[in-house]
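Chemist: Using the working numbering, the first residue of the first sequence is number 58, and each one after it goes up by one.
Just so you know, even glycine gets a beta-carbon here, dropped at the ideal spot from N, CA and C.
Remember, it's a predicted structure, so these values are computed and weren't measured experimentally.
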Amino acid sequence: MPNTESQAPTNFIRDIIAADLAVNKNNGRVHTRFPPEPNGYLHIGHAKSICLNFGIAKEEAGRLCNLRFDDTNPVTEDTEYIESIIEDVHWLGFDWEDRLYYASDYFEKLYNYAVQLIESGKAYVCDLSEEEFRPYRGTLKEPGKDSPCRDRSISENLELFQKMRAGEFDDGAYVLRAKINMADPNVHMRDPVVYRIRRATHHRTGDAWCIYPMYDFAHCVSDSIEGITHSICTLEFEIHRPLYDWFLDQLNVECHPQQIEFARLNLGYTMMSKRRLLELVAEGHVDGWDDPRMPTISGLRRRGYTPAAIRNFCERIGVTKFNSLTDIALLEHCVREDLNKKSQRVMAVLDPLRVVIENYPEGEVDELDAINNPEDPEMGTRSVFFSREIYIERDDFLEDPPKKFFRLGPGREVRLRYGYYITCVDAIKDPDTGEIVELRCTYDPETRGGSSPDGRKVKGTIHWVSVAHALNAEVRLYDRLFTDENPLGSENPDNYTDLMNPESLTVLKPCKVEPSTRDAVPGDKYQFERQGYFCVDNDSSPGNLIFNRTVALRDSWSKIAKKQ
RNA sequence: UGCCCGAUGGUGUAAUGGUAGCACAGCGGUUUCUGGUACCGCUAGUCUAGGUUCGAGUCCUAGUCGGGCAACCA
Numbered sequence: 058m059p060n061t062e063s064q065a066p067t068n069f070i071r072d073i074i075a076a077d078l079a080v081n082k083n084n085g086r087v088h089t090r091f092p093p094e095p096n097g098y099l100h101i102g103h104a105k106s107i108c109l110n111f112g113i114a115k116e117e118a119g120r121l122c123n124l125r126f127d128d129t130n131p132v133t134e135d136t137e138y139i140e141s142i143i144e145d146v147h148w149l150g151f152d153w154e155d156r157l158y159y160a161s162d163y164f165e166k167l168y169n170y171a172v173q174l175i176e177s178g179k180a181y182v183c184d185l186s187e188e189e190f191r192p193y194r195g196t197l198k199e200p201g202k203d204s205p206c207r208d209r210s211i212s213e214n215l216e217l218f219q220k221m222r223a224g225e226f227d228d229g230a231y232v233l234r235a236k237i238n239m240a241d242p243n244v245h246m247r248d249p250v251v252y253r254i255r256r257a258t259h260h261r262t263g264d265a266w267c268i269y270p271m272y273d274f275a276h277c278v279s280d281s282i283e284g285i286t287h288s289i290c291t292l293e294f295e296i297h298r299p300l301y302d303w304f305l306d307q308l309n310v311e312c313h314p315q316q317i318e319f320a321r322l323n324l325g326y327t328m329m330s331k332r333r334l335l336e337l338v339a340e341g342h343v344d345g346w347d348d349p350r351m352p353t354i355s356g357l358r359r360r361g362y363t364p365a366a367i368r369n370f371c372e373r374i375g376v377t378k379f380n381s382l383t384d385i386a387l388l389e390h391c392v393r394e395d396l397n398k399k400s401q402r403v404m405a406v407l408d409p410l411r412v413v414i415e416n417y418p419e420g421e422v423d424e425l426d427a428i429n430n431p432e433d434p435e436m437g438t439r440s441v442f443f444s445r446e447i448y449i450e451r452d453d454f455l456e457d458p459p460k461k462f463f464r465l466g467p468g469r470e471v472r473l474r475y476g477y478y479i480t481c482v483d484a485i486k487d488p489d490t491g492e493i494v495e496l497r498c499t500y501d502p503e504t505r506g507g508s509s510p511d512g513r514k515v516k517g518t519i520h521w522v523s524v525a526h527a528l529n530a531e532v533r534l535y536d537r538l539f540t541d542e543n544p545l546g547s548e549n550p551d552n553y554t555d556l557m558n559p560e561s562l563t564v565l566k567p568c569k570v571e572p573s574t575r576d577a578v579p580g581d582k583y584q585f586e587r588q589g590y591f592c593v594d595n596d597s598s599p600g601n602l603i604f605n606r607t608v609a610l611r612d613s614w615s616k617i618a619k620k621q
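Set out below in structure tokens:
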């Protein structure tokens, strides 16, 4: 079935696949894979790759996409990351059926392929240490020179490699190198390391191995083993492609996938480096991988983003080979668009100002009808409770309202959403600070439900919550994590923590929310009318409601106010 | 002075030799019991110089600018 969510725009990778299909390459098969290393949590940049790889597979029946963990470096990898990655890819809405693989599953095969390489004289065991080898590698401009071990006999290489596996040498004492060309202008082709000795307990194979294959060898062979047709990766691997092809050519395998590179996602005011993200977590600059300010999938989930919004974003940004910096406003647009259609509306007062309706009888309660979602009548209606004392938003009242301010002011009339028209008759101030502590208003009983029999118009409608019925809640407002659009793009990328936004988190407490949210559970999403989309946080509980602001509503008043 | 890749409005992208289009952002308007949504309109672009062609964003040449590459990381 074609993708019904949106007609996916074409891109150069789809074009390549279409061209391959046209000449019946791979017998018409299309098989991709998403190959994360389990050394960190997935971020929105990985979502781009996931949507691309799984998206291509989803396009037509018979196409497949594997999930494969590229777990060849036990030092940095962990099962915690495996679990989070599996959860995140599923949450995004993709499925690999029974094709969950690990490069570590192929360790034995990989070893045998390495032996094959040695036997054909294409690899040798080198006893130069990392440091000793450095001068042999040459520079970007100058060729390297051959290792003294380069001409070791095949039988000796075989024996040494076997002993490497058997644990007879110290870490780093020997490596297996591909015998390619020390003068190649591409430094990755200058006899790259294929296997290194590393006594580290692997999260899946334990201590079964003390030698581990390098990426360039493990990755192409793993792709080949799985019958991958199109091996899609990011631009920084472009320079590795000749090596990818070299290994598969030497090994004479039946499946030789085509590596295709695309530009990774860069998003403004955040960063996509797993290493840097890990630092933010480890150094306590954020609350964890799922801190709602993080660009991780788990952070976005906790923030209230939906899988559909993220998938849609990934479609819209396109796929090219050009390094770009995507405007965060596009991501925000995508969540608003999705949440607007789906969210239950509710009234919540974030910065409460008490209002007494002087002519409303004490002790009386009115039950009013409110629409749950004007975008979706099927979501029905609910009751909101009105009484003599209510809270309104502090910034919905101005003592000296400027032009075009449609809300409350002395002597002004506004509509309470789904309620009555009220007119402000007095503003009571704290005698010491001058701060307004309470408003005195009157209501027009004829305007119940929000319209007047005489047809008079009010320009403003404001949200409110009955004091007697309001629930207390904590509300967490989030802003961009960095003050710089490209925090790692400065001259000194190491100082990125200097660029962190001290106001990225604002906690509001106590806020006043409608009683209909009483039983809200983590993950529940609401639109707080006139304010934004909010999501119940993981820390929330029935007696202690906590909401995260996913994204604010578009606010044209703030633009007008700024201009004045 | 090495190798690889790239260049289209402010941003992200489309146009496969034939009217430079879409989305976001910005600006203006209509509708509205959310200053939301929806709808309408406006602003704004082919890195430069040559060449091929009836015709070039697209092909060729030269230049300019940007990114990547020298881990026993992926």
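Could you check whether Glu165 and Asp127 sit closer than 9 Å to each other, using their CB atoms as the reference points?
Modeler: The answer is no: Cβ separation not under 9 Å.
Chemist: Which one of Ala104, Met246, Ile296, Lys179 has the shortest CA to CA distance from Trp148?
Modeler: Closest by alpha carbon: Ala104.
Chemist: Suppose the cutoff is 6 Å on Cβ atoms and the five residues either side in sequence are ignored; what does the same chain contact list for Ile353 look like?
Modeler: First, the amino acid is wrong: residue 353 is Thr here, not Ile. Counting only Cβ-Cβ distances below 6 Å, and skipping sequence neighbours, we find Tyr98, His100, Trp346.
Chemist: Exposed or buried, Ser598, counting other C-beta atoms within 10 Å across all chains shown (16 or more means buried)?
Modeler: Classification of Ser598: exposed, given that the 10 Å Cβ count is below 16.
Chemist: Measure the Cβ-Cβ separation of Tyr478 and Asn416 and say whether it is below 9 Å.
Modeler: Contact: no.
Chemist: Given a cut-off of 9 Å on the beta-carbon distance, is the pair Leu167 and Val278 in contact?
Modeler: Cβ distance < 9 Å, so Leu167 and Val278 count as in contact.
Chemist: Please work out which residues of its chain come closer than 6 Å, Cβ to Cβ, to Pro270, disregarding the five sequence neighbours upstream and downstream, and give them in chain order.
Modeler: Thr129, Leu167, Tyr252.
Chemist: Let me know the beta strand (DSSP E) ranges lying completely inside the segment 270–337, each 3 residues or longer, listed in chain order.
Modeler: Whole beta strand (DSSP E) segments, 3+ residues: 287–291, 315–319.
Chemist: Between the C-alpha atoms of Asn169 and Leu215, what's the straight-line distance to the nearest angstrom?
Modeler: When rounded, the distance between both Cα atoms is 11 Å.
Chemist: Do you know offhand how far Glu340's Cα is from Ser613's?
Modeler: Cα to Cα, the separation comes out at about 38 Å.
Chemist: Does Gln621 pass the burial test, meaning 16 or more other C-beta atoms within 10 Å, or should it be called exposed?
Modeler: The residue is exposed, with fewer than 16 neighbouring Cβ atoms inside 10 Å.
Chemist: Helix, strand or coil: how does DSSP classify Trp614 here?
Modeler: Three-state result, Trp614: helix.
Chemist: Which term fits Arg191, buried or exposed, when burial requires 16 or more other beta carbons within 10 angstroms of its beta carbon?
Modeler: Counting Cβ neighbours within 10 Å, Arg191 comes out exposed, since fewer than 16 surround it.
Chemist: Pull the bridge partners of Ala235 from the DSSP assignment, please.
Modeler: For Ala235, which the question treats as bridged, DSSP gives the partners Ala180.
Chemist: For the alpha helix (DSSP H) holding Trp635, just list the boundary residues, first then last.
Modeler: This structure does not reach residue 635, given that the chain is present from 58 up to 621, and the question cannot be answered.
Chemist: Determine the closest residue to Asp423 out of Arg247, Ile385, Ala525, with distance taken between C-alpha atoms.
Modeler: It is Ala525.
Chemist: For the alpha helix (DSSP H) that contains Asn219, what are its first and last residues?
Modeler: Correcting the residue identity first, residue 219 is Gln in this sequence and not Asn. 211–223 is the extent of the alpha helix (DSSP H) around Gln219.
Chemist: Taking just the CA atoms, how far does Arg533 sit from Val494?
Modeler: The alpha-carbon atoms of Val494 and Arg533 are separated by roughly 24 Å.
Chemist: For Gly476, which option in Arg513, Thr518, Glu154, Ile74 has the closest C-alpha, if you only look at C-alpha atoms?
Modeler: Taking only the C-alpha atoms, the option nearest Gly476 is Thr518.
Chemist: Can you find at least 3 beta carbon pairs, one from the segment 169–180 and one from the segment 306–313, that sit closer than 8 Å?
Modeler: Result yes; three or more Cβ-Cβ pairs closer than 8 Å.
Chemist: Using a Cβ-Cβ cut-off of 6 Å (strictly less than) and excluding sequence neighbours within five positions of Glu283, which residues of its own chain qualify?
Modeler: Closer than 6 Å at Cβ, skipping near neighbours: Asn123.
Chemist: Using 9 Å as the threshold, is the C-beta distance between Trp266 and Arg222 below it?
Modeler: Contact: yes.
Chemist: Under three-state DSSP, which class holds Pro66?
Modeler: DSSP places Pro66 in coil when its eight states are reduced to three.
Chemist: What does DSSP give as the partner residues of Thr89 in its beta bridges?
Modeler: Its beta-bridge partners are Cys122.
Chemist: Just tell me which of Val232, Gly224, Asp483 has its CA closest to the CA of Ser204.
Modeler: Of the candidates Val232, Gly224, Asp483, the one whose C-alpha sits nearest the C-alpha of Ser204 is Val232.
Chemist: Compare the C-alpha of Glu295 against each of Arg472, Gly420, Met246 and name the closest.
Modeler: Ranking the options by Cα distance to Glu295, first place goes to Met246.
Chemist: I'd like to know if the segment 318–328 and the segment 531–547 are in contact, where contact means that at least 3 CB-CB pairs between them fall below 8 Å.
Modeler: Contact holds: three or more Cβ-Cβ distances are below 8 Å.
Chemist: Skipping 5 residues on each side, what residues in its chain have a beta carbon closer than 6 Å to that of Pro458?
Modeler: Within the same chain, Pro458 has close Cβ partners Gly466.
Chemist: Check Asp72 in the structure and name its three-state DSSP category.
Modeler: Asp72 falls in the helix class under three-state DSSP.
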